[in-house]
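**Student:** Have a look at the structure that comes next, please.
In the working numbering, the protein residues as written are -2 to 201.
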């Protein structure tokens, strides 16, 4: 976009914006007619206080078309190098069986046609979690199983909270093995702090 370009110029540079921003050109003109503004720029002049507006033009290059942007992004992405991660500490390579990938993760039966911000989109995921929990109960013989925690660290923090709730003793200290992963210990400490619990890290 050149220094003398306007908001309207940016929208007309390519069809990308009209396809992804709801109102069409006709819709915008109709709305402007209703409020009595000749253009979007005039609307901004009338509504945005001058004290917070930047008067100088942004020093941007010419606007790119969607195809040009995609080409540029591919060029940037091609510079990425896939390296072997040696981070360890609970982050390990895993094998996803094709039957699980196809029948659970990629099966349309587990998700619905709702948009991401609608709560109904979670129905399929929740059903998959319920099936997973049921399988764990069958395999372990436990009465209940939980599958809604994000990772090892959050699971450890919630295990601490559960242990504290079911314990008969009212002690305010909780012992954590020093050989636990540091991120696990950190999340446990963060969870315990607002509850007023003392975390003791050491060698059992």
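Idealized CB from N, CA, C, for every residue including glycine.
Restricting to Cα atoms, I'd like to know which of 30, 129, 54 is closest to residue 40.
**Tutor:** The shortest Cα separation from residue 40 among 30, 129, 54 belongs to 30.
**Student:** According to the Cβ coordinates, are residue 188 and residue 158 closer than 8 angstroms?
**Tutor:** Cβ atoms of residue 188 and residue 158: closer than 8 angstroms.
**Student:** For the alpha helix (DSSP H) that contains residue 98, what are its first and last residues?
**Tutor:** No alpha helix (DSSP H) holds residue 98; DSSP gives it neither H nor E.
**Student:** Roughly how many angstroms lie between the CA atoms of residue 57 and residue 51, to the nearest whole one?
**Tutor:** Distance between the alpha carbons of residue 57 and residue 51: 15 angstroms.
**Student:** Note down the Cα distance separating residue -2 from residue 72, rounded to an integer number of angstroms.
**Tutor:** Its pLDDT being 43, under 50, residue -2 is placed unreliably in this model, and the value from its coordinates should be taken loosely. Rounded to whole angstroms, residue -2 to residue 72 spans 21 angstroms at the Cα level.
**Student:** For the 8 angstroms Cβ check, are there 3 or more pairs between the segment 169 to 188 and the segment 80 to 87?
**Tutor:** Output reads yes: the segment 80 to 87 touches the segment 169 to 188.
**Student:** Ignoring anything shorter than 4 residues, give me the alpha helix (DSSP H) runs that lie fully in the segment 42 to 89, in order along the chain.
**Tutor:** Here the runs fully enclosed are 63 to 74.
**Student:** At what residue ranges does the segment 17 to 45 contain a whole run of the alpha helix (DSSP H), taking only runs of 4 or more?
**Tutor:** Qualifying alpha helix (DSSP H) stretches, in chain order: 22 to 32, 37 to 44.
**Student:** Reducing DSSP to helix, strand and coil, say where residue 141 ends up.
**Tutor:** Residue 141: coil per DSSP, three-state reduction.
**Student:** For the ligand COA, is there any heavy atom lying closer than 7 angstroms to the beta carbon of residue 73?
**Tutor:** Looking for the ligand COA in the displayed structure turns up nothing, as the structure carries no ligands at all.
**Student:** Residue 37 to residue 69, Cα distance in whole Å?
**Tutor:** Computed Cα separation, rounded: 30 angstroms.
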